[in-house]
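Counting from 1, position 45 in the sequence shown corresponds to residue 45 in full-length UniProt numbering; the numbering is continuous, with no gaps. Every residue gets a Cβ at the ideal spot worked out from N, C-alpha and C, and that includes glycine. Shown next, in structure tokens, is the structure this report addresses.
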Amino acid sequence: MMSRRRNVTFEVVVEQGGKPNIDGVFPDEAAARERAAYLLRLAKFPVVRILKVNQAGKEEVVFQKSTSGGGKPTTISSIDESDAGPASLCTDALQLFSYESRMLLLRLLRGYWDDQAVIPAEQLHRYYPLRYFEREALLFNPAISRLATLQAPLLGIKPFERHDQLSRLFAALKDLAQASDTLAPFDAALARNGVGGLLAAAAERPPEERDRLVTHAFGAVLEPCRDWPGKVKALLRFHREDEEEANRRVLDQMLAETVDGREPVRALIGYAPDLGAALQSLVAAVHGVLDDRLPFTDELLALSNALGGGGFDETRTALLRRIQGGLAGLTPLTRTGDSAEGKAFGLIVEGLTNFDGFLGGAGMAEALTRRAKTVWSAGGQDAPFDTAVQRLATRLPAPAQRIGYLLDLATSPFGRNKLSLLIRQVAAEFESITSARELAAPGVRTEDVRNGLGRRLRAAGIPRALAEGLIARIAAIPDGERSLGIPLLAAPDAGAVTRATEETVLIDAPRAAADRLVLFWRGRTQAIPEDGTQLVIGRSSQCQFVLDIASASRRHAAVSRQDGLFVVEDLSRNGTSIAVPGVVEPRRLTPGEPLPLPPRGEIVIGSAELGEEPARIAWEIVRR
């Protein structure tokens with residue numbers, strides 16, 4: 001009797017366009033009914049049935065139900081040469097499991113993956129879904145043809161030759177899927193010992209097999225999860241803040257593959273009253289600072305917490321693509337009028353601001369500019385291009401940010417049509433710069449900044465003569481900080497209220513007289529400006545001073561130089577205090593409000609009342 005049960009399988013079959021297709025094959029009826037119930041809830045297929053198939057191939061219908069859905073056929077998505085570049089060019093079936101190839105398939109067949117609620121890492125190992133996909137006329141042949149057209153020039157062959165190669169690769173992929181049961185030990189290694197254990201087990205096999213082994217193990221974890229938030233939750237169970245870089249990179253790629261799409265992100269956000277609130281949630285998640293003032297699901301909050309620890313660049317990029325897509329669409333940000341629309345847009349712009357423009361590069365610069373034209377429309381007419389660009393640029397306080405935005409926009413197809421206007425604005429920004437440090441991000445050498453700007457000028461299509469002139473201008477900018485009037489907090493007498501005095505430093509003073517802020521903690525020393533214009537303190541491994549205090553936030557406090565002042569800012573929920581010599585009680589900072597620093601003192605983080613030993617990070621402002 002047990003032998004007969006093992007020789008019986010249950011196929012879940014869906015009908016679309018009057019044609020039956022196998023969705024999946026299950027060893028028992030209960031699992032098949034669970035899958036059928038899920039497909040019926042989707043309401044995307046007119047008919048869902050379960051076939052009981054014995055060893056001889058005899059079929060028996062044990063379940064069938066009709067729905068009113070299934071009217072919209074699934075087709076391939078539009079992709080171009082940038083999506084199908086050399087990194088995703090496969091000549092062997094094992095290469096199909098690489099991250100680049102999976103992301104190419106994900107974008108080409110976006111509608112298919114959304115319908116099935118799966119990602120390529122799962123489906124590439126399953127024989128019956130692959131067979132079902134091959135029989136789908138609106139998917140398989142158009143997908144093969146599109147890839148062949150894009151990739152043939154990269155190989156120096158004709159599209160029909162590449163078409164034949166891709167067909168053979170798919171046949172080899174099906175053969176691998178039929179032998180995927182042999183990979184079960186790697187599934188067990190992931191379950192028992194996490195990502196590190198999986199990679200250690202995979203290291204014993206040839207390197208070219210690694211992606212197949214890794215994706216099969218994660219596919220086994222994801223396959224029981226029938227919705228996108230469930231998949232994210234399952235992946236995040238493997239996240240460890242102290243994980244090695246190689247392990248985190250694997251998890252990062254799996255998360256990016258899972259959230260790279262409109263349907264997964266929509267499910268992760270959950271309820272949102274409007275597009276503006278949804279995009280603000282995503283922006284907060286990208287920065288790892290999502291809180292309960294914004295709509296979200298528990299899974300999005302968990303994802304935000306993981307991103308806040310650093311090291312998830314691919315996942316962050318995937319979320320930025322969704323933000324870009326939302327901004328580039330026509331849906332209003334709010335439903336309550338122009339003033340609310342402008343406020344919501346302003347918050348999104350602020351959240352996307354980076355040290356050298358906007359997060360997301362040229363695509364985001366274009367999306368923000370297009371949205372700015374509609375947000376700042378007047379009399380039923382979109383704002384002119386130059387007005388939108390000017391107003392966006394004025395929201396960026398630093399010249400490096402404004403230059404970065406203008407160059408990114410010039411690189412985009414949208415901006416190239418207005419290149420002469422953007423060139424004039426870039427040139428004007430360069431004229432206002434007096435120090436190369438104004439162009440440098442924290443911790444970045446000014447020489448690297450000069451080289452990077454040179455490349456960006458050329459990539460933006462700025463005429464050669466002007467680009468060379470601007471590059472020469474960059475090379476001539478001195479490295480030192482601009483000298484300005486610097487208000488300092490004088491150390492008061494005991495019990496006195498801290499008061500501000502002002503020390504005036506002449507703009508023409510020599511560089512040696514510039515101030516320098518030095519922080520000391522546990523034998524480590526870092527300084528502004530040598531280590532950048534900002535130093536961050538917190539639990540994140542990306543901080544300059546990493547704390548091991550439970551009440552500390554990932555980014556707890558920041559010390560920076562702003563308009564010639566050294567200031568400290570509390571970024572946390574649990575509070576930061578400043579202890580100054582001669583003042584009995586430490587001063588608690590107001591969250592988000594920069595406080596100018598006196599010549600010396602300590603930044604105090606942590607609470608003795610909670611049984612913690614507070615971190616006391618000393619600083620001193622010295623003259624050079």
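In chain order, what residues of the same chain lie with their CB nearer than 8 Å to the CB of residue i, ignoring the 5 residues before and after it?
i      : result
ALA527 : ARG516, LEU517, VAL518, LEU519
GLY196 : GLU243, GLU244, ASN247
SER77  : ARG107, LEU108, LEU109, ARG110, GLY111
GLN280 : LEU294, ALA344, LEU347, ILE348, GLY351
Could you tell me which residues DSSP pairs with residue i in its beta bridges?
i      : result
THR525 : PHE520
THR9   : VAL53
PRO46  : BP columns for PRO46 are empty, so no partner.
LEU595 : VAL568
ALA615 : ILE605
VAL14  : ASN21, VAL48
ARG587 : ILE578
GLN381 : ALA378
PHE545 : ILE537
Suppose you measure from the CA of residue i to the CA of residue j; what does that come to, to the nearest Å?
i           : j      : result
LEU166      : ALA143 : 10 Å
residue 627 : ASP356 : Given a span of 1 to 624 for the chain in the structure shown, any question on residue 627 remains unanswerable.
GLY606      : ASP242 : 21 Å
LEU300      : LEU368 : 24 Å
GLU208      : SER180 : 16 Å
THR331      : ALA201 : 48 Å
LEU419      : GLY469 : 17 Å
LEU535      : ARG555 : 10 Å
PHE358      : GLY326 : 16 Å
GLN95       : PHE414 : 35 Å
ASN193      : LEU457 : 48 Å
ARG237      : ALA87  : 29 Å
GLY70       : PRO591 : For GLY70, the predicted model reports a pLDDT of 46, less than 50, meaning its position is unreliable; a value from the coordinates is still stated below. Their Cα atoms are separated by approximately 52 Å.
LEU145      : LEU139 : Looking at the sequence itself, residue 145 is Ser, so the reference to Leu does not match. Using only the alpha carbons, I get a separation of about 10 Å.
LYS52       : ALA188 : 29 Å
GLU244      : VAL259 : 23 Å
TYR132      : ALA84  : 24 Å
TRP521      : ILE537 : 11 Å
HIS239      : VAL221 : 14 Å
ARG49       : CYS225 : 21 Å
LEU104      : ALA475 : 40 Å
VAL286      : LEU319 : 7 Å
ARG93       : LEU124 : For clarity, residue 93 is Ala in the given sequence; the question names Arg instead. About 10 Å.
Under the rule that 16 or more other beta-carbon atoms within 10 Å means buried, what is residue i, buried or exposed?
i      : result
ALA512 : With a pLDDT of 32 at ALA512, under the threshold of 50, the predicted position of this residue should be treated as unreliable, and no value is reported.
GLY380 : exposed
PRO185 : exposed
GLN55  : exposed
GLU609 : exposed
ILE466 : According to the sequence shown, residue 466 is Leu rather than Ile. Exposed.
SER98  : buried
PRO614 : buried
GLU429 : buried
PHE160 : exposed
VAL62  : exposed
LYS158 : exposed
LYS44  : buried
ASP570 : buried
What residue does the beta strand (DSSP E) around residue i start on, and which one ends it?
i      : result
ASP570 : 565-570
ILE605 : 600-605
ARG561 : 557-562
ASP356 : No beta strand (DSSP E) holds ASP356; DSSP gives it neither H nor E.
PRO20  : 19-26
LYS65  : 59-66
Going by beta carbon distance, what residues of the same chain come within less than 6 Å of residue i, once the five residues before and after it are set aside?
i      : result
GLY363 : GLN324
VAL349 : ARG395
ASP23  : VAL12, VAL14
GLY130 : The question names Gly, yet the displayed sequence has Leu at residue 130. Excluding positions up to five away in sequence, the list reads LYS174, ALA177.
ARG402 : ALA393, LEU396, GLU429
Could you give the first and the last residue of the continuous alpha helix (DSSP H) run that contains residue i?
i      : result
LEU535 : Counting along the chain, LEU535 falls outside any alpha helix (DSSP H), though it belongs to the beta strand (DSSP E) covering 534-538.
LYS174 : 159-178
ALA148 : 140-155
GLN324 : 313-328
HIS287 : 275-287
THR215 : 210-222
Quick one: what's got a C-beta closer than 7 Å to residue i's C-beta in the same chain, skipping five residues either side?
i           : result
ARG102      : PRO120, ALA121, GLU257
residue 675 : With the chain covering only 1 through 624, there is no way to say anything about residue 675.
GLU306      : The amino acid occupying residue 306 in the given sequence is Ala; Glu does not appear at that position. LEU236, HIS239, PHE312.
SER551      : ASN574, GLY606, SER607, LEU610, GLU612
ALA388      : THR369, ALA372, LYS373, TRP376
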